[in-house]
Structures are given as C-alpha cells and as structure tokens.
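Residue numbers (our numbering): 733 to 1180. Since the structure comes first, as structure tokens, the remarks are kept for the end.
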Amino acid sequence: MKTKIPLTNITAEIPTKITTSHVRKWVTLSIVVLFISSLVTWFFGRTVMPDVIWIATGEKGGLYRKLGEHIQIPLERRLDIPVQLLLTEGSVDNFHKVRQGEATFGIVQGGAVAIEELSVVTPLFPDYVFVIVRADGEINELSDLAGTDIALGRSGSGSRISALQVLQHFDIHEADLGDNDRYFMDLLDDPSLEGAIMTTGIENPDLHKILSGDRFKLLPILNAEAIELAHPFFHKTRIPRGYFGDKVSIPSEAIPTITTNAFLVTRSDTPREIVQHVLAVIHEESLKLQVPTLIPRDEATAWISTRLHPASSEYFNPSNQISWMRDILESLTSMKELLVAIGTGVYLLWRRWKRLKEEEREELRSRQRDRLDWFLSQTLLVEQAQMDASDVDELQEYLDKVTTIKLEALQELTEAEMRSDLAFSIFLDQCASLINKIQLKILDYHAE
C-alpha cells in the first residue's frame, strides 16, 4: 500500500504585529472615513434653495409694495424660483415675518424695529415724515394736532412708530389723537379725520394721490434738527416747493422735515446666491428709473450702521475680498509648521511601509529556506531508505514519495529569489537523480 511521507508544518502562525496589511487597512479606513465626513459636510453645508421666495412689503398702493413689484419679475427670471409678495401692515409686521421665517426678505424702516437682529441686504431710499392736514381746517402747526383725529398708521407699521417718536418732541401722546389706528388714505373718505402723519418714500403713489388736488397741505417740522440729535436713524432735510400738487404747489414753499431710510433685510442664513441676485436686481438693472430716490450702490455703505449680510458686505466692499485672500495667505503662512509636520508624517509613514514590506519579504524567504532544508532532508531520508529496498513495490513507494516531495516543494516555494537560489537547484537535481536511480532499479528488477 502506498503511503505518503508526512511533511512537518514548519510555517507556524506568525506572532501578531504591525504589517503592511495592517497599514493598508488603516489607510483604507482613513480614506473611507474622510470620504464619508466630506460627504456629510457637503450634504449639510450645501446651499438649499427655497421653493418660493417671499418678500414682505406693505399696504397695497404704498411704495414698499410698489418696490416689491419692481423686484419680483427680474428676481424670478434670475433665480428661476417663484417670488411672492406679502401684503402686510408695514415695517414691524415685515420684521417679525422675516425673523420668524415667514418671509425671505422684508422692507423695514430704520428706527422702527431692532434692525440689528437681522442682516441688512441694502439700503433702499429715504423715507420722509409727512404731516398732512386738511387745507381748510384749523391745524396750522404740529402743536394743534392734540385733541383731533389723526391717522398715525396701522399698529404693525414703521410709519406709526416714527410718527409717535416725532410727536414726543411736541409732548403729544397717542391717546391725544383720537381714532388714530388708520391708514392715511382714509383721509379721502372720512371727513372726521383731520390729518395724518405718514413716513414713506417721496414717490409713494398713494401720497401723490392725496396731494394731487388742493384739499390737503403739508406742515413743516420746525425742530427737525433737534429730533435728528435725539434719534440716530433720523436726518433733517427739506421738502422742495411744489413737489406735489396739480392745481396748487404743495408745499407752497420748501419746508423742513426729517427722513429715515428704508432697508431690505433678511436672515443671516439666507443663501448667498439669492442675496447676490437681489442686489443685482436692485443696483444693476433699471430700478432707479422707477424709484429715482434709490440710494446708489457706491453710497450704500454710508447709510448703513448695522450688520450687513455676508453677500452684501462682499458686494459693497469688494476690497474686503482682497483682504480675505490676504487673511487666507497669512493663515497658510502661520500653518507652515503644521504643513511641514504633515509632510514629515507622510514621509515617515512611507519609510515605515517600505521597511515593513522588506521585513515581510525577508521573513517569507527565511520560512521558505527553512522549508527547503526540510525538503532536502526528506529526500535524503528517501535516498537512504531505497538503498535497502528488496522488491519493486517498495521501490515504487519510494519513487512516489520523492515525487510528492518535489511537487509540494514546487507548490510552496514560490518566492522568485528562492527559485533562483543554488540550494533550490541542488534540491531539484537531487530529486531528479533520486527518481532516475529508483526507476533504473525498478527496470532491473523487471528484467530479472
């Protein structure tokens, strides 16, 4: 019966240690973690455009509403997103809608709301304080307003807040003005109203409608300079003679008043792309033809004393982008030690990788040399044993054994350097010689 010489397993398990396989796993894991982290950062940091852009404007027929209509179509064209206008009570209502996320943008009056809680996109135009009274009435100066019905604007309007701030300087209070929670256009239909205080842009269509005939007149705000000193958002100015009126000049002579500014505001997290397109619509298209008092781009920052949206800051201060690049370069300079450390770390990792690969190759060569020595010893045992063989079956068994040893050696010893080693050549020659010798003996036995 043919038996196979058992081969001792000299390739015992290698003690656990850092190998190139471990390094590969670490590097692969690091790349996967970096990729997933980058993907998560991109997903949560990407710009998500809204389905609809809402602009909180004001009363129908007012200048805020008119401005919103001029912005609406060009902005839709640029962004390919629907733009909707919200009819509101005015600045205070607009402010709350933007802050609560009900509107993307809102038009507010400086001084009427805590504008610093939002981000300014751009100043728009000056809002004048107009004191309107009936031409045939008995009110000839602001102090005469007490005890009469005067429309101050809706409770959600910035116009109402501005009116009350002005009246404080004349010691006139809200309760002194009767039915005052009214829009100034009610003057046309309600003869019980003696007048109105309205803060709006001078191009307001409703204002021109009120002052187109001779039924109403404008009163001067004689202490406008004192009001300017008391309120940072107010500035003294004059309404030129005859700016309003078809039949008569209103006012009949230039009169002093005060102005504040209308601002377009938004939240600080509004996507930069949207804000950039809004700025382009306002300052780069033909809006100034519809709103002649629109504050031009090169003067905008002079009218802003609060926080700008980041996109607006870049738009009005392009030099800041140069400063931004300079800051980046300075940051890179300050990070040179870190960059050197990273480069050194990469180099050391590469050196470690090469050393581990060489150690693994050397360990493999050592194991295969030991294995080759064992194969040589096995062939020597077979050669010694076949010398005393007395029959063909025994010789055939030794022939099978040496053939098996040779085949297993060829399968296991795959290292290129090992195949070219002198000891390996000697082993193959020894196997060939032994096989030939046994075969000749078998032939001799058959010949007998």
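Cβ atoms here follow ideal geometry from the backbone N, Cα and C, with glycine treated the same way.
Exposed unless 16 or more other CB atoms sit within 10 angstroms - verdict on residue i
i               : result
threonine 879   : Strictly speaking, residue 879 in this sequence is glycine, with threonine absent from that position. The residue is exposed, with fewer than 16 neighbouring Cβ atoms inside 10 Å.
asparagine 1168 : exposed
glycine 1075    : exposed
methionine 917  : buried
asparagine 872  : exposed
isoleucine 971  : buried
valine 780      : exposed
leucine 1071    : exposed
tryptophan 758  : exposed
proline 747     : With a pLDDT of 44 at proline 747, under the threshold of 50, the modelled position of this residue cannot be trusted; read the value that follows with caution. Proline 747 comes out exposed.
arginine 1083   : exposed
serine 1152     : exposed
tyrosine 1047   : buried
glutamine 832   : exposed
alanine 1073    : exposed
leucine 1026    : buried
histidine 1041  : buried
glutamate 848   : exposed
glutamate 1129  : buried
glutamine 816   : exposed
isoleucine 982  : buried
Other residues of its chain near residue i: CB distance less than 7 Å, five sequence neighbours each side excluded
i             : result
lysine 979    : Gly945, Asp946
aspartate 859 : Gln841, Thr931, Thr932, Gly933, Thr991, Thr992, Asn993, Ala994
tyrosine 915  : Glu791, Ala883, Gly885, Arg886
alanine 844   : Ser823, Val824, Gly890, Ile893, Ser894
alanine 1032  : Thr854, Pro855, Phe1048
Three-state secondary structure (DSSP) of residue i
i                 : result
arginine 809      : helix
serine 981        : coil
lysine 792        : coil
valine 784        : coil
lysine 734        : For lysine 734, the pLDDT reaches just 43, beneath the cut-off of 50, and the residue's location in the model is therefore unreliable, although a value from the coordinates is still provided. In the structure shown, lysine 734 sits in coil (DSSP, three-state: anything other than H, G, I, E or B).
proline 1042      : helix
serine 851        : strand
serine 865        : Residue identity differs from the one stated: residue 865 is valine in this sequence, not serine. Residue state, collapsed to three classes: strand.
methionine 917    : helix
glutamine 1022    : helix
glycine 879       : coil
glycine 927       : strand
phenylalanine 966 : coil
threonine 994     : What sits at residue 994 in the sequence shown is alanine, not threonine. Reduced to three states, the DSSP call for alanine 994 is strand.
proline 972       : coil
glutamine 841     : strand
glutamine 816     : strand
threonine 932     : strand
threonine 1135    : helix
aspartate 859     : strand
proline 988       : strand
leucine 950       : strand
glycine 885       : coil
glutamate 821     : coil
alanine 846       : coil
glutamine 1162    : helix
glutamine 832     : coil
Close Cβ partners of residue i (< 6 Å) along its chain, the five nearest in sequence each way excluded
i                  : result
aspartate 881      : Gly910, Asp911, Ser924, Leu925, Glu926
alanine 1043       : Arg1004, Val1007, Gln1008
valine 863         : Ile929, Leu951
leucine 811        : His1009
phenylalanine 1233 : The requested residue 1233 is not part of the displayed model; the chain covers only 733 to 1180.
leucine 739        : Per-residue confidence for leucine 739 stands at a pLDDT of 42, beneath the threshold of 50, marking its modelled position as unreliable; no derived number is given.
Integer Cβ distance of residue i from residue j, believed to fall under 8 Å
i              : j                 : result
glycine 794    : aspartate 903     : Rounded, the Cβ-Cβ distance is 30 Å, inconsistent with contact.
leucine 807    : valine 830        : About 16 Å separates the two Cβ atoms, so there is no contact after all.
isoleucine 839 : asparagine 826    : 6 Å
alanine 835    : alanine 788       : 4 Å
glutamate 1115 : leucine 1166      : 5 Å
valine 898     : isoleucine 953    : 7 Å
leucine 1081   : phenylalanine 837 : Actually they do not touch by this definition, with Cβ atoms about 52 Å apart.
glutamate 935  : proline 1024      : 7 Å
valine 1134    : threonine 1111    : 6 Å
8 Å Cβ shell around residue i - same chain, five flanking residues per side excluded
i              : result
threonine 969  : Pro858, Tyr860, Ala956, Pro988, Thr989, Ile990, Thr991
leucine 1127   : Gln1118, Ala1121, Ile1170, Lys1173, Ile1174, Tyr1177
isoleucine 729 : As shown, the chain starts at 733 and ends at 1180. That puts residue 729 outside it, with no answer to give.
glycine 977    : Leu943, Ser944, Gly945, Asp946
glutamate 1144 : Gln1100, Arg1103
alanine 986    : Arg970, Ile971, Pro972, Arg973
Short CB-CB distance (under 9 Å) between residue i and chain B
i            : result
leucine 1104 : In summary, chain B is missing from the structure at hand, where a single protein chain is found.
Open item on the list: Taking 8 Å as the cut-off, does the stretch 836-855 touch the stretch 1033-1041 (at least 3 CB pairs, one atom from each stretch)?
Closed with: The stretch 1033-1041 makes contact with the stretch 836-855, as at least three CB pairs between them are under 8 Å.
Open item on the list: Contact between the stretch 801-810 and the stretch 1012-1023 is defined here as three or more beta-carbon pairs at a separation below 8 Å; is this criterion met?
Closed with: Counting C-beta pairs closer than 8 Å gives three or more between the stretch 801-810 and the stretch 1012-1023, which meets the contact rule.
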